[in-house]
Every structure is written in structure tokens, then in C-alpha cells.
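Asker: So that we are looking at the same thing, I have put the structure below in C-alpha cells.
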Amino acid sequence: MVLLVGKETVVWFWTFLEKVVQVSGKLECKELNEVNGRRFVAERRKNSRGRFVALLEFFGEGKKQMVCFPEGKLGIGWKEVSTVLKDFFGREGFGEGSSFEKEE
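In C-alpha cells form, the structure reads like this:
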């Protein structure tokens, strides 16, 4: 599975991850984002294995895809993903020709 998203969606998602790390006690944490007819949902969830953040993309005729990010010890999993995304987009040279599509 490949999840191609633009910079704006990535920024929205890493901001969500940072909020989730700060709001440790409250389970309900969900945000929606829509870009060019694509709907994204970021949501903190819990199952028998622990807490995780689910990033869902809804597109065409009810189809969806989902990527899950486990919390890890003390939220380190979410912090690491957020840091990697920030570092990637903070590098010089990001722009056309990258592996991410630009959203308008």
C-alpha cells in the first residue's frame, strides 16, 4: 500500500501527533482534513495491544486505506514519527520532483 499525500496533509498529521502526545489521559482524540476531494481522519484508538494512532484516507465510492502508528513506551513511537516528518520537510531541497505530491 502506498499513501501519497501532500505537504499540507503531512503538516496536519504531525501537528495531530504532537497534540496526542501532550493529551495523554484523554482517549478521545480525532481530527478531520479534506484536500482535493480526499478525506483524511486521524484518530487515537486503543485495543488489547495498547494505544495507537490510525490515519485513514477515504476516497472514491467508500474505499479507504489505513496506516496505524503504535504509541510505544511513553508515547515515543508517536514522537519519533512526528520528528521524522518534521525533519524531512525541514530539509532544504523539498519541492518539485520529490516523492510527495503538492496539494493545491
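Just so you know, we're using the numbering used here here: the sequence shown kicks off at 6 and counts up by one.
All C-beta atoms in this analysis are idealised placements derived from N, C-alpha and C, irrespective of residue type, glycine included.
With DSSP collapsed to three states, give me the class of G80.
Answerer: helix
Asker: Is it the case that the Cβ atoms of E39 and V58 are separated by a distance below 9 Å?
Answerer: Cβ atoms of E39 and V58: not closer than 9 Å.
Asker: Per DSSP, E62 is paired with what?
Answerer: F45, Q70
Asker: Which of helix, strand or coil does DSSP assign to L37?
Answerer: The answer is strand: DSSP assigns L37 an E or B state.
Asker: How should S53 be labelled, buried or exposed, when 16 other C-beta atoms within 10 angstroms of its C-beta is the threshold for buried?
Answerer: Result: exposed.
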